[in-house]
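**Student:**
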Amino acid sequence: MSAGAARLARLVVRDFRNLEHVDLSPPGAGWVVVGENGQGKTNLLEAIHYLQLLRSSRGARDADVVRFGAEAFHISAHVDTGGGHCHEVSVGFERAGHRKRARLDGAVPERLSDALGALPSVMFAPDDVSLVTGSPAERRRFLDVMLAITNHAYLVALQQYRAALVRRNASLRSASASGARTQGGGELDSVAVWEPALAEYGAALWRERRAWVASMEDGLEALCREIGEDARVRMRYASTLAAADDPRAALTRALEEKRGSDLRRGLTQAGPHRDDLVVTLDGRDLRVFGSAGQQRTAAIALRMLEAATVTERRGLAPMFLLDDPFAELDARRSARILSLLEREGMGQTVLAVPRESDIPAALTKLVRFRIADGVVTRA
């Protein structure tokens, strides 16, 4: 059964970055936003993507995306999910009290996380190359966001794991300050008490990440080849834990064995928070040995796999937010990428470019808007 597609029927943005007031009823197929750098193109895409992540896709604090001089921001959308079904999602943040609240069809969800993914979207941007060239934290975040949005059990495990990790690290620092130096010290009881939770929820994260990588490894290679990469591109999940039939028991042992070392360092050294997604080119680390074009190709392929995961698990093709992602690719690779996106079921598309000449041939039929100083007008 083919998936439907999420379509933005109306978007209202108030006081988000330099967007004072935007009210759009965009075309169903998508649209192009043309504007010089610094005028708000990326801010508009970020506002749309915020309705999936409930936070800035650029890692900014909520207080820092409120427009200068304003007290709050608000983003709302009417989302058409096909078959005559439409729902409303909104989120707002107030500087006073640092309060954030979401609404789904007028009701406040019991937990803010219940509104995650209300508007499915995948954002392709120039800085996506950091998925390949950046730190392991960048790639862990990629896995965590994608899996949390498409798997509620993963989201719960991630929340519980992070909470236990914060508490164990705090206990390590406290125990170190109190003078505990051996695993036999009574002060370390406060460290060990968090380890069962870390082992339980860490094992769940480990399983899901490894399963996703295993299921998508061949897909990454195939996509890169179709885009135009002749070398073999593969990925693997690099973990502090060796492959194990019982990752919970393995993580329990690792935490026990490293407790003394963790005490000296004041942090937890074993667990999925230290793992990595390694992308290779003919068996060598693409981060080190790949060209800029090869690295960008792999990063775009990872985003395409993210879109495929959202479509498969939610039965709904996400919006495609394209923030001038082909700027450093040749025309041949750009055309192949767009062709692949269309073949895989490209949803409603928003393309942001600095000049009309930057619009790929495949997207020239999309309706055009212009943006200047945060004001969006139809071209």
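Under the working numbering, the first residue of the sequence shown carries the number 26, and numbering increases by one thereafter.
From the three backbone atoms N, C-alpha and C, an ideal C-beta is built for every residue, glycine too.
When you compare only the Cα positions, how much space is there between G209 and E282?
**Tutor:** With a pLDDT of only 49 at G209, under 50, the local geometry of the prediction cannot be trusted, and the value read off the model is given with reservation. When rounded, the distance between both Cα atoms is 13 Å.
**Student:** From A31 to L341, what distance separates their C-alpha atoms?
**Tutor:** Computed Cα separation, rounded: 6 Å.
**Student:** Name the DSSP bridge partner or partners of V37?
**Tutor:** In DSSP, V37 forms a bridge with D48 and S101.
**Student:** From R83, S146, C111 and R86, pick the residue whose C-alpha is nearest to that of A333; which is it?
**Tutor:** The shortest C-alpha separation from A333 is found at S146.
**Student:** Ignore the nearest five residues each way along the sequence and tell me which others in V304's own chain have a CB closer than 6 Å to its CB.
**Tutor:** Answer for V304: V157, M260, L311 and A323, listed in chain order.
**Student:** Comparing alpha-carbon positions, which option in R395, H298, S115 and L230 lies nearest L129?
**Tutor:** For L129, the nearest C-alpha among the options comes from S115.
**Student:** Contact check, L76 vs A121 under 8 Å by CB: the rounded distance?
**Tutor:** In fact, because the Cβ distance is near 23 Å, the residues do not count as touching under 8 Å.
**Student:** Could you tell me the alpha carbon to alpha carbon distance between A274 and A178, rounded to whole angstroms?
**Tutor:** Cα to Cα, the separation comes out at about 20 Å.
**Student:** Taking the CB atoms as reference points, tell me whether G296 and L276 lie closer together than 8 Å.
**Tutor:** Going by C-beta atoms, G296 is nearer than 8 Å to L276.
**Student:** In this structure, how does DSSP classify A150 when only helix, strand and coil are distinguished?
**Tutor:** Here A150 sits in coil by DSSP.
**Student:** With 16 other CB atoms within 10 Å as the buried threshold, where does K66 fall?
**Tutor:** Burial call: buried.
**Student:** Run through DSSP, which three-state label would I396 get?
**Tutor:** Looking at I396 - three-state DSSP - the assignment turns out to be strand.
**Student:** Over what stretch of residues does the alpha helix (DSSP H) that includes K283 continue unbroken?
**Tutor:** Here K283 belongs to no alpha helix (DSSP H), and DSSP marks it neither H nor E.
**Student:** Can you tell me which residues form a DSSP beta bridge with C249?
**Tutor:** The partner list for C249 (beta bridge, DSSP) is empty, contrary to what the question assumes.
**Student:** With a threshold of 8 Å on Cβ separation, who are the neighbours of L141 within its own chain once the five nearest residues in sequence on each side are excluded?
**Tutor:** Once the five neighbours on either side are set aside, the close Cβ partners of L141 are Q77, L78, L79, A173, I174 and L180.
**Student:** Taking the CB atoms as reference points, tell me whether E4 and N176 lie closer together than 8 Å.
**Tutor:** As shown, the chain starts at 26 and ends at 404. That puts residue 4 outside it, with no answer to give.
**Student:** Determine the direct distance from the alpha carbon of D214 to that of N194, and round the result to whole angstroms.
**Tutor:** Roughly 13 Å separates the two Cα atoms.
**Student:** When you compare only the Cα positions, how much space is there between L292 and R198?
**Tutor:** So the alpha carbons of these two residues sit roughly 8 Å apart.
**Student:** Based on Cα-Cα distance, which residue from L33, R192, E242 and I325 lies nearest to C111?
**Tutor:** Nearest C-alpha to C111: L33.
**Student:** Buried or exposed: N62, going by 16 or more other Cβ atoms within 10 Å of its Cβ?
**Tutor:** It counts as exposed.
**Student:** Examine chain C for any beta-carbon lying closer than 8 Å to the beta-carbon of G159, and answer yes or no.
**Tutor:** The structure shown contains no chain C; it is built from a single protein chain.
**Student:** Give the DSSP-derived three-state secondary structure of T106 in the structure shown.
**Tutor:** Strand.
**Student:** Counting along the chain, where does the alpha helix (DSSP H) carrying V216 start and finish?
**Tutor:** Where V216 is concerned, the enclosing alpha helix (DSSP H) stretches over D214 to A217.
**Student:** To which residues of the same chain is P161 closer than 6 Å at the C-beta, ignoring the five residues directly before and after it?
**Tutor:** If we look at P161 and ignore the five residues flanking it on each side, its Cβ neighbours are D301.
**Student:** Quick one: give me the first and last residue of the beta strand (DSSP E) that V303 is part of.
**Tutor:** Its beta strand (DSSP E) spans residues D301 to L306.
**Student:** Which two residues bound the contiguous beta strand (DSSP E) that contains L129?
**Tutor:** Residues R124 to L129.
**Student:** When you compare the CB positions of T389 and R395, do they come within less than 8 Å of one another, or not?
**Tutor:** Not closer than 8 Å, so no.
**Student:** According to the neighbour-count rule (16 or more other Cβ atoms, all chains shown, within 10 Å of its Cβ), is R136 buried or exposed?
**Tutor:** That one is exposed.
**Student:** Would you list the one or two residues that DSSP bridges to M260?
**Tutor:** M260 pairs with V304.
**Student:** State the DSSP-derived secondary structure class of E135, mapped to helix, strand or coil.
**Tutor:** Note: E135 maps to coil in three-state DSSP.
**Student:** So the beta strand (DSSP E) T374 belongs to, where does it begin and stop?
**Tutor:** That run of the beta strand (DSSP E) goes T374 to V378.
**Student:** With 16 as the cutoff for other CB atoms within 10 Å, does P272 come out buried or exposed?
**Tutor:** So P272 ends up on the buried side.
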